[in-house]
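Numbering (the working numbering), first residue to last: 7 to 567.
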């Protein structure tokens, strides 16, 4: 794909080019081993620090802020310090005027601001790159929060995405890093996610679903949307007022059950991932608040994660293995859910994962961070030839944010202990899900199909047996290599028998007097002894040389599990 020469695109190319040149001199280029930065070996340690990357992406605007947030969940792409810096990206920008807010609300709802709300505060509660939130009150007196999308933000994002697609396609064709990671596919996935986040009706659906899923957690609250006041660009929802959990003062912590809140929040997220397969994917300090009644409020559901049923059990078993410090099991689970690359070698992979899990397991109580451990395992997997699924990296980032929330509520909070306590409960929920009417109906349909097909299949097997044409094919080992090995064994045995016969024959002939002697012994007996000695030496030499060529652990037709 050729790069566009449109003025807006050229401006973006220049900005991205400056960003690239800056970080091509820093440690990031060395970490990525990019062929685009051949001088990265002589990296400037002061150039391109992680915090600078986060600030530069913020300066480029909303599209790149969201791109940075996405990259913060990709442990297979970036080193740990950059993941941490990008996960702290601040999405806080200057608000736009209340006059523009009124224009958008009137255009979306079809009524004047004063007709829809009895009160509407001009100063926003928060202003982010995609929109801002205002406190308001419905005509019936119900307090609400109104989220209004920034004017012309969709057009700007669409243009930025077009620029990123062109650059990604160019890099995929002309760079090793593009070919390795598939940057164009990454940008396409990012674009779909970002454009979906611009539709506030989707966020309203996410709020409703999460509210229903967390009904059993009494100390957690999710605001419900007001459907009649929600459109693609305007989201009206229940107002949750409170303070950010990460900004609580010591006196407030003394008045709340911080340990209980941290434990319930963590259990709720495990339930979201393992049981529901749908979770709030961005629980940073600004999205988790302590409400006035002492509960935790979860807000801003523009970014959510979804986990397929089969993946839920696998992810939980991996998290449980990491939490309990079982490195071998963690390696086994990571291999089961990941994609093995061409350079994969099992032993180095197992050893590296065990080292990573062991390092976190040795942390003292209160210092263990399950999110950081999951991200470390994801990165170690990528470094040793296993590409883990995106669900794991997103879950790692989510748990990383939860670690921070948990420590803010209770400095001694131990997520690993919560995982171990909650495991039996989650297992019961998963078993109950398998016995729902839908699952039972599907199982009955499978049994019905088996009953219908069984007579025909049994009859076909009996026909094959009657005709004596049954064939078995076994691929468990390399038959050719096995036969060659058996032939070598047979040859060596036969050679040994011949040598033994020569020695026995020579001993018998030795007893027969003859006129033809060698060193005073019968000549024929001496010839037989010499032939046996030469044959023995040849056999021993053959055994030593052929066995030494075969290195331990490597075979010509081995099967790699």
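C-beta atoms are modelled at their ideal positions from N, C-alpha and C, and glycine is treated no differently.
Neighbourhood of residue i by C-beta, 7 Å cutoff - its chain only, sequence neighbours within 5 removed
i           : result
residue 241 : 153, 206, 209, 210 and 231
residue 320 : 339, 342 and 343
residue 45  : No answer about residue 45 holds up, because its pLDDT of 45 lies below 50 and its placement is not dependable.
residue 125 : 142 and 143
residue 248 : 295, 296, 297, 298 and 303
residue 84  : 77
Nearest-angstrom beta carbon gap, residue j and residue i [assumed within contact, 8 Å]
i           : j           : result
residue 131 : residue 143 : Actually they are not in contact, since the Cβ atoms of residue 131 and residue 143 sit about 14 Å apart, beyond 8 Å.
residue 405 : residue 376 : 5 Å
residue 515 : residue 531 : 4 Å
residue 359 : residue 337 : 4 Å
residue 128 : residue 104 : 4 Å
residue 335 : residue 309 : At roughly 30 Å, the Cβ-Cβ gap does not stay under 8 Å, so residue 335 and residue 309 are not in contact.
residue 69  : residue 166 : 4 Å
Three-way DSSP call (helix, strand, coil) for residue i in this model
i           : result
residue 143 : strand
residue 312 : strand
residue 256 : helix
residue 99  : coil
residue 132 : strand
residue 18  : helix
residue 179 : helix
residue 70  : helix
residue 304 : strand
residue 263 : coil
residue 439 : helix
residue 190 : helix
residue 495 : helix
residue 125 : strand
residue 152 : strand
residue 75  : helix
residue 89  : helix
residue 526 : coil
residue 295 : strand
residue 458 : helix
residue 42  : Legend: pLDDT at residue 42 = 41, less than 50; position of this residue unreliable, no value from coordinates given.
residue 244 : strand
residue 220 : coil
residue 517 : coil
residue 117 : coil
residue 345 : strand
residue 290 : coil
residue 226 : strand
residue 331 : coil
residue 419 : coil
residue 283 : coil
residue 239 : coil
Spatial neighbours of residue i in its chain, beta-carbon cut-off 8 Å, leaving aside the 5 residues before and after
i           : result
residue 529 : 520, 522 and 523
residue 110 : 154, 155, 157, 239 and 240
residue 114 : 237, 238, 239 and 240
residue 258 : 249 and 296
Short CB-CB distance (under 8 Å) between residue i and chain B
i           : result
residue 266 : Note that chain B does not occur in the displayed structure, where there is just one protein chain.
Cutoff 6 Å; reference residue i; Cβ partners in own chain excluding five residues on either side
i           : result
residue 362 : 382, 383 and 386
residue 379 : 328 and 366
residue 65  : none
residue 72  : 200
residue 235 : 242
residue 252 : 291 and 414
residue 435 : 281
residue 171 : 193
residue 545 : 501
residue 306 : 293
Whether or not the region 266-275 and the region 211-231 are in contact is what I'm after, with contact meaning three or more pairs of Cβ atoms, one per stretch, closer than 8 Å; do they touch? These segments touch.
Using 8 Å as the cut-off, can you tell me whether the region 187-201 makes contact with the region 272-285, which would need three or more C-beta pairs spanning the two stretches below that distance? Too few Cβ pairs lie closer than 8 Å, so no.
I'd like the ranges of any alpha helix (DSSP H) spanning at least 4 consecutive residues and lying wholly in the region 350-412. Within the region 350-412, the complete alpha helix (DSSP H) runs of at least 4 residues are 352-367 and 376-389.
At least three beta-carbon pairs within less than 8 Å, the region 491-505 to the region 518-527: no
Touch test, the region 315-332 against the region 288-307, Cβ-Cβ under 8 Å, three pairs minimum: no
Inter-stretch contact at 8 Å, needing at least 3 Cβ pairs: the region 504-512 / the region 527-544: yes
Check whether the region 254-263 and the region 281-289 touch, using three or more Cβ-Cβ pairs below 8 Å as the test. Too few Cβ pairs lie closer than 8 Å, so no.
Would you check if there are 3 or more beta carbon pairs closer than 8 Å linking the region 389-397 to the region 347-358? yes
Tell me whether the region 397-412 and the region 310-317 touch, counting them as touching only if at least three CB pairs, one residue from each stretch, are closer than 8 Å. Judged by Cβ distances under 8 Å, the region 397-412 makes contact with the region 310-317, as three or more pairs qualify.
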